[in-house]
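Some notes on the structure that comes next.
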Amino acid sequence: MNTIAENIADFLKVYPPFDNLTFQELSVIATNIRVLNLEKNETLFQINDKLHDCFYVVSSGTIHLSVIADAEETLLNKCHSGDVFGLRPFFAKNNYMMTAKSREESIVYAIPIATFRPFVANNPDVLNFLLESFATNTWNPKEKENLRGKLATDNVFYIDQKSEMQYFQSLTYNRSPLIATINDVAKDIAFLMTENLSSSVVICDNHLPIGIVTHTDMCSKIATGQFPLTVTMKTIMSSPVVTVVENISLAEAQLMMLKNNVTHLCVTLDGTDKSVVKGMISEHDLIIAQANNPGVLIKEIKRASNAKELKNLRERLTELIQNSIHKNIPLSNIYNIASEINSAILKRAVELSILDLGSPPARFVWLSIGSQGRKEQLLLTDQDSILIFEDVLPDKYRDVRDYFLKLGKKTTATLEKVGYELCPNGHMASNMLWCKSLTDWTKQYDSWMNTPGENSNDLSSIFFDLELVFGEKKIFEAIENVIEKNLEDNSLFFDFLGNDALRKNSPLTFFKKFAVEEEEPHKDEFDIKTKALMPLIDGARLFALHFNIKGLNNTYLRFKQLAIIDSKNSDTYLNCAEAFLTLSKFRVNEGLKNENAGQFINLKELTKLDKEKLKNALAPMKELEELIKSNFKLTQFS
Amino acid sequence: MLDWLKNINKEHPEFWKTYLSKFEQKSKRYVVFTTETSGLNPESDVILSIGSFAIINNRIHIGDNFESILLQYKFFHDNGLSNEFILESKMKKLSEPEAMHAFIEYIGNAILIGHHVDFDVDMINNALIRLGCGRLKNEALDIDVMYRKLVDINDKQFSLDELSEIFKLPKSYRNSPSEDAYTIALLFLKLKKRLGIK
Numbered sequence: 010m011n012t013i014a015e016n017i018a019d020f021l022k023v024y025p026p027f028d029n030l031t032f033q034e035l036s037v038i039a040t041n042i043r044v045l046n047l048e049k050n051e052t053l054f055q056i057n058d059k060l061h062d063c064f065y066v067v068s069s070g071t072i073h074l075s076v077i078a079d080a081e082e083t084l085l086n087k088c089h090s091g092d093v094f095g096l097r098p099f100f101a102k103n104n105y106m107m108t109a110k111s112r113e114e115s116i117v118y119a120i121p122i123a124t125f126r127p128f129v130a131n132n133p134d135v136l137n138f139l140l141e142s143f144a145t146n147t148w149n150p151k152e153k154e155n156l157r158g159k160l161a162t163d164n165v166f167y168i169d170q171k172s173e174m175q176y177f178q179s180l181t182y183n184r185s186p187l188i189a190t191i192n193d194v195a196k197d198i199a200f201l202m203t204e205n206l207s208s209s210v211v212i213c214d215n216h217l218p219i220g221i222v223t224h225t226d227m228c229s230k231i232a233t234g235q236f237p238l239t240v241t242m243k244t245i246m247s248s249p250v251v252t253v254v255e256n257i258s259l260a261e262a263q264l265m266m267l268k269n270n271v272t273h274l275c276v277t278l279d280g281t282d283k284s285v286v287k288g289m290i291s292e293h294d295l296i297i298a299q300a301n302n303p304g305v306l307i308k309e310i311k312r313a314s315n316a317k318e319l320k321n322l323r324e325r326l327t328e329l330i331q332n333s334i335h336k337n338i339p340l341s342n343i344y345n346i347a348s349e350i351n352s353a354i355l356k357r358a359v360e361l362s363i364l365d366l367g368s369p370p371a372r373f374v375w376l377s378i379g380s381q382g383r384k385e386q387l388l389l390t391d392q393d394s395i396l397i398f399e400d401v402l403p404d405k406y407r408d409v410r411d412y413f414l415k416l417g418k419k420t421t422a423t424l425e426k427v428g429y430e431l432c433p434n435g436h437m438a439s440n441m442l443w444c445k446s447l448t449d450w451t452k453q454y455d456s457w458m459n460t461p462g463e464n465s466n467d468l469s470s471i472f473f474d475l476e477l478v479f480g481e482k483k484i485f486e487a488i489e490n491v492i493e494k495n496l497e498d499n500s501l502f503f504d505f506l507g508n509d510a511l512r513k514n515s516p517l518t519f520f521k522k523f524a525v526e527e528e529e530p531h532k533d534e535f536d537i538k539t540k541a542l543m544p545l546i547d548g549a550r551l552f553a554l555h556f557n558i559k560g561l562n563n564t565y566l567r568f569k570q571l572a573i574i575d576s577k578n579s580d581t582y583l584n585c586a587e588a589f590l591t592l593s594k595f596r597v598n599e600g601l602k603n604e605n606a607g608q609f610i611n612l613k614e615l616t617k618l619d620k621e622k623l624k625n626a627l628a629p630m631k632e633l634e635e636l637i638k639s640n641f642k643l644t645q646f647s
Numbered sequence: 611m612l613d614w615l616k617n618i619n620k621e622h623p624e625f626w627k628t629y630l631s632k633f634e635q636k637s638k639r640y641v642v643f644t645t646e647t648s649g650l651n652p653e654s655d656v657i658l659s660i661g662s663f664a665i666i667n668n669r670i671h672i673g674d675n676f677e678s679i680l681l682q683y684k685f686f687h688d689n690g691l692s693n694e695f696i697l698e699s700k701m702k703k704l705s706e707p708e709a710m711h712a713f714i715e716y717i718g719n720a721i722l723i724g725h726h727v728d729f730d731v732d733m734i735n736n737a738l739i740r741l742g743c744g745r746l747k748n749e750a751l752d753i754d755v756m757y758r759k760l761v762d763i764n765d766k767q768f769s770l771d772e773l774s775e776i777f778k779l780p781k782s783y784r785n786s787p788s789e790d791a792y793t794i795a796l797l798f799l800k801l802k803k804r805l806g807i808k
């Protein structure tokens, strides 16, 4: 026993499965530990590597576990301090099935299997923990909940409920296909296929696939009487068989089937017919795989009965977004899908409150404002919402308002449980200020827009990014009309918004360096939200209101539309649209990496190329600024 | 300077001969070590404790370690100092000759790693001479020198705390030579990779 072993035992004892062991036992383990240092992006083991004689515990840093399909990397799990990974050598004899790579400089404890095995055998709790971790697919957040974290499976990664982008997900398929030789008789094979409920059989010669017999062959060649029941496979098989590599994605499997006009694909070790058969993909597998898509997620959201279920579904959305970004799916598409799903969650949250409180006493509408109002929410950000109810008789007003305030409170609380933080500025329907009748809201917008300078404290431009979540469309349209009416010849309001948009600090310093934060806790980091994204968002909103573009709230789409309407400045708008996507991607990546809202970019972690890219994306802001200045003669407030 | 003359006809202890014979082969093992001493003068001060770990194949082997408190009764007596703290420690205690014997056996022909390692080597050498042995034959690497080479700074020395800070190592209480040795070992792994040492 030495001092460091004692320290390590102290570290381990709080994490499962080590929390089941005595300090004495832990000391023995700690004494046998080897400590490794991994540089950033160093690979500890990768798919098909021989198993190591140890498993690993993260001491500090982050390790990413990923798999590769179609030469694309998919992140399965992130391991932080105390997480156990690389358990495969405990249970299996074949090679690693995933890659472990350090996301940042990390220190890892390697625990020899030989040392740990006796403790597994003698301690059922430890054994159960390991078995569970090996048997379940932790990457499914539903189970993550039960396993209270701290372990990462490295077994099978083809998961049924895996909610990935439809066309880039990997396939579950039959890994023990029926195999026959060319001399087998049709009748026997037909029996075999019936018994195994299989629609195909691979004909092999010396373990190499040389042909295939499917239902279709049986129907068209035997049942038609063309060949007798005693015919050999050699005569009726289709040859050659179409072979594909392991880890093929849904998209590629579909393409292969269409291209070759077949219904079955044979999976071989190296993808050619000169290697061993590993499995069989049928059309049916593709149909099943397609059931795991955003549509299904929305369906499940509609059925969710409490905040916890919604939280699980929201986690699956995060997964979906993360995988999509890893696959380089265009961000504008991801925005669309994510906002639909987000919308469904918000809607369900309101519904759940109504189910609880009983029917509302008057018609109303629940609107998202801010980022969700613009359909630009990928990361879990704070909630912004308002509620408008129809006008009621004065003697009923009090009760009606109380009901809707309750509804607002209940819904925001549910959403908070789902993971959307409460808005720090109180821009929520649970706030008496933002939960009121149509008349009151009309007055509110009138006063904001006609005398913008006077109450500017509570005027936030996010109130002009509205999206219907739940309720009467008519009320929503009524408030839209109020806004539209007030826009006419309202130079004062545009002056106000214009100045507001220009008031943000420049993202680059005088010397074209990034204007980084000067104070802790984000010292030397770049505030991409306030300094780069907000000016573009504000600018897009300003022009969209100016040209009275309705129905398009998304900053990207607003710029695209502006390029059409205001064609003499289309270059500027298009540049801004692109810049917005680029900057958003930086933010989303940062947010996913650090599991936060991604507001601050650590410039030190960017490559030189990325830094250039980021800087270039800031260039169109200057053009936009000029455009705002020349379009709206900004005088009254500047 | 002419130490070897004095030793020329002297019979070395048995463990020393075994030690010397180990250098016929080159070692793949590194031993990170640090000493705690009574002062900074290798001639008149003594070693109070030693902590060390082996690194094989870029991995610190926690079990492959050596740590000991050296019982320096005579030194404390001569200087009128109390030696209570040494007696109170839970670490293994050895007399200086026993400790040197065990330490030399432990390091074998490994490459030694330390922080300002020359001083530690000097201290060990003086203890060895008192036992009628020669000087250490091991190659020795200094992590401060390695770091200065990495960043190309020649006019400044870096303390262990500064290096830990630079490499963002989790702060430990570092109240024993073993903990220092562990920190040095982590720093060595990082520096080794960055400098591209095989």
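From first to last, the protein sequence lines stand for chains A and B.
The opening residue of the first sequence carries number 10 in my numbering; numbering runs sequentially from there.
The opening residue of the second sequence carries number 611 in my numbering; numbering runs sequentially from there.
Don't be surprised by glycine CBs; every beta carbon is placed ideally from N, CA and C.
In this text the structure is predicted, and so the values were computed from the model without any measurement.
Asked                                                                                                                                                                    : Found
Report the neighbours of B/H671 on chain A: residues whose CB is nearer than 9 angstroms to its CB, in chain order.                                                      : N41, I42, R43, V44
Taking a Cβ distance cut-off of 7 angstroms, strictly less, list which residues of the segment 783 to 796 of chain B are near chain A, in chain order.                   : S786, S788, E789, Y792, L796
Using only the alpha-carbon positions, how far apart do A/S284 and A/I72 sit?                                                                                            : 34 angstroms
Check whether the segment 414 to 421 of chain A and the segment 356 to 371 of chain A touch, using three or more Cβ-Cβ pairs below 8 angstroms as the test.              : yes
Per DSSP, B/S705 is paired with what?                                                                                                                                    : B/L681
Indicate whether at least one CB of chain B lies closer than 8 angstroms to the CB of A/N351.                                                                            : no
What are the start and end residues of the alpha helix (DSSP H) that includes A/A130?                                                                                    : 122 to 131
Taking the C-alpha atoms as reference points, what is the distance between A/N508 and A/E493?                                                                            : 20 angstroms
In the DSSP assignment, find the unbroken alpha helix (DSSP H) run with B/K802 in it and report its ends.                                                                : 787 to 805
Are there 16 or more other CB atoms within 10 angstroms of the CB of B/Q635, so buried, or fewer, so exposed?                                                            : exposed
Chain A beta carbons: is any one of them nearer than 8 angstroms to that of B/K684?                                                                                      : no
A/V67 and A/G95 look like a contact to me (Cβ under 8 angstroms); what is the Cβ gap, rounded to whole Å?                                                                : Actually they are not in contact, since the Cβ atoms of A/V67 and A/G95 sit about 10 angstroms apart, beyond 8 angstroms.
How should B/I679 be labelled, buried or exposed, when 16 other C-beta atoms within 10 angstroms of its C-beta is the threshold for buried?                              : buried
Using three-state DSSP, classify A/K153 as helix, strand or coil.                                                                                                        : Note that A/K153 scores 43 on pLDDT, short of 50, meaning its location in the model is unreliable; the coordinates nonetheless yield the value given after this. Three-state DSSP puts A/K153 in a helix.
Hey, A/M437 and A/Q392: beta-carbon distance below 8 angstroms or not?                                                                                                   : yes
Could you give the residue range of the beta strand (DSSP E) that holds A/R43?                                                                                           : 43 to 47
For A/F100, count neighbouring C-beta atoms within 10 Å of its own C-beta (all shown protein chains included) and say buried if the count is 16 or more, exposed if not. : exposed
To the nearest angstrom, how far is it from the Cα of B/S705 to the Cα of A/N598?                                                                                        : 59 angstroms
If I measure Cβ to Cβ from A/V251 and keep anything under 6 angstroms in the same chain, skipping five residues before and after, which residues do I get?               : N269, V271, L274
Tell me, to the nearest whole angstrom, how far the beta carbon of B/F676 is from that of B/A712; I am working on the premise that it is less than 8 angstroms.          : 7 angstroms
Counting only beta-carbon atoms, is A/N155 nearer than 8 angstroms to chain B?                                                                                           : Bear in mind that a pLDDT of 42 at A/N155, under 50, signals an unreliable position, so the number given afterwards is only what the model happens to contain. Cβ-Cβ to chain B under 8 angstroms: no for A/N155.
So is A/E261 buried or exposed if we call it buried at 16+ other beta carbons inside 10 Å?                                                                               : buried
According to DSSP, is A/A119 part of a helix, a strand, or is it coil?                                                                                                   : strand
Counting along the chain, where does the beta strand (DSSP E) carrying B/F643 start and finish?                                                                          : 639 to 647
Secondary structure at A/N183, three-state DSSP: helix, strand or coil?                                                                                                  : strand
Go through its chain and collect everything with a Cβ distance to B/A737's Cβ below 7 angstroms, but skip five positions before and after it.                            : I657, E706, M710
Which class does A/C432 belong to by DSSP, given the choice of helix, strand or coil?                                                                                    : coil
Determine the direct distance from the alpha carbon of B/L799 to that of A/S172, and round the result to whole angstroms.                                                : Unreliable placement is indicated for A/S172, whose pLDDT of 36 sits below 50; the coordinate value is still reported in the next sentence. When rounded, the distance between both Cα atoms is 40 angstroms.
If the cut is a Cβ gap below 8 angstroms, which residues of chain B does A/I492 touch?                                                                                   : What A/I492 touches in chain B: nothing, since even the nearest Cβ is about 51 angstroms away.
Let me know the secondary structure DSSP gives A/I558 once reduced to three states.                                                                                      : coil
Can you say whether A/D411 is buried or exposed, counting buried as having 16 or more other CB atoms within 10 angstroms of its CB?                                      : exposed
Could you round the C-beta distance between A/L447 and A/E399 to whole angstroms and report it? I think they count as a contact, below 8 angstroms.                      : 6 angstroms
For A/P544, which residues in the same chain have their Cβ closer than 6 angstroms to its Cβ, ignoring the five residues on either side in sequence?                     : K513, M630
Using a Cβ-Cβ cut-off of less than 7 angstroms, give me the residues of the segment 637 to 671 of chain B that come near chain A, in sequence order.                     : N668, R669, I670, H671
Using a beta-carbon distance below 8 angstroms, is A/T52 in contact with chain B?                                                                                        : no
When the Cα atoms are used, what is the spatial distance from B/N835 to A/P121?                                                                                          : A query on residue 835 of chain B cannot be resolved here, the shown segment of chain B reaching from 611 to 808 and no further.
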